[in-house]
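Numbering (the numbering used here), first residue to last: 387 to 541. Using N, Cα and C, we set each Cβ at its ideal position, and we do this for glycine too. Keep in mind the model is a prediction, meaning the values are calculated, not measured.
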């Protein structure tokens, strides 16, 4: 059911796309265009990595960067995240929106990976939520450092 009575956010723009497709580049441009005072970037991967690091005693900062450290744990983190989503499909979406910038009128979700992520925002915010799919050719993604990892992308 849509949360029609809420004033904030006025708009929720949910970006999806494969790894290294350019989602961060596009969402950063959008935030600069709208202004940081009006637009909050929200990453679903942040709460996922934060919870995973807490439960597994790992270095959160290293999980958040594009290091080999993160790649070491990627497959297990994916499996762990999927188990959480089975219990509650909107778990990480809910956590991501509980940030200091949630009072801003425009929320930009930078990294929706699952159809259930998009469904969460559409279900909660109705017509205020739109989805944008960012695509890039495989060759371009490889030049940006993408390497196929089995079990990675779902959406």
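So the candidates are the options; which of them puts its Cα closest to the Cα of residue i?
{"i": "residue 402", "options": "514, 503, 530 and 510", "result": "503"}
{"i": "residue 490", "options": "417, 479, 499 and 475", "result": "417"}
{"i": "residue 533", "options": "400, 404 and 395", "result": "404"}
{"i": "residue 505", "options": "485, 487, 486 and 480", "result": "480"}
Return helix, strand or coil for residue i, following the three-state DSSP convention.
{"i": "residue 474", "result": "coil"}
{"i": "residue 485", "result": "coil"}
{"i": "residue 422", "result": "coil"}
{"i": "residue 456", "result": "helix"}
Since residue i sits in a beta bridge, which residues does DSSP pair it with?
{"i": "residue 401", "result": "518"}
{"i": "residue 494", "result": "399 and 427"}
For residue i, does the count of other Cβ atoms within 10 angstroms reach 16, so buried, or fall short, so exposed?
{"i": "residue 461", "result": "exposed"}
{"i": "residue 527", "result": "buried"}
{"i": "residue 497", "result": "buried"}
For residue i and residue j, which I take to be in contact (beta-carbon distance under 8 Å), what is that distance rounded to the nearest angstrom?
{"i": "residue 398", "j": "residue 493", "result": "5 Å"}
{"i": "residue 408", "j": "residue 520", "result": "5 Å"}
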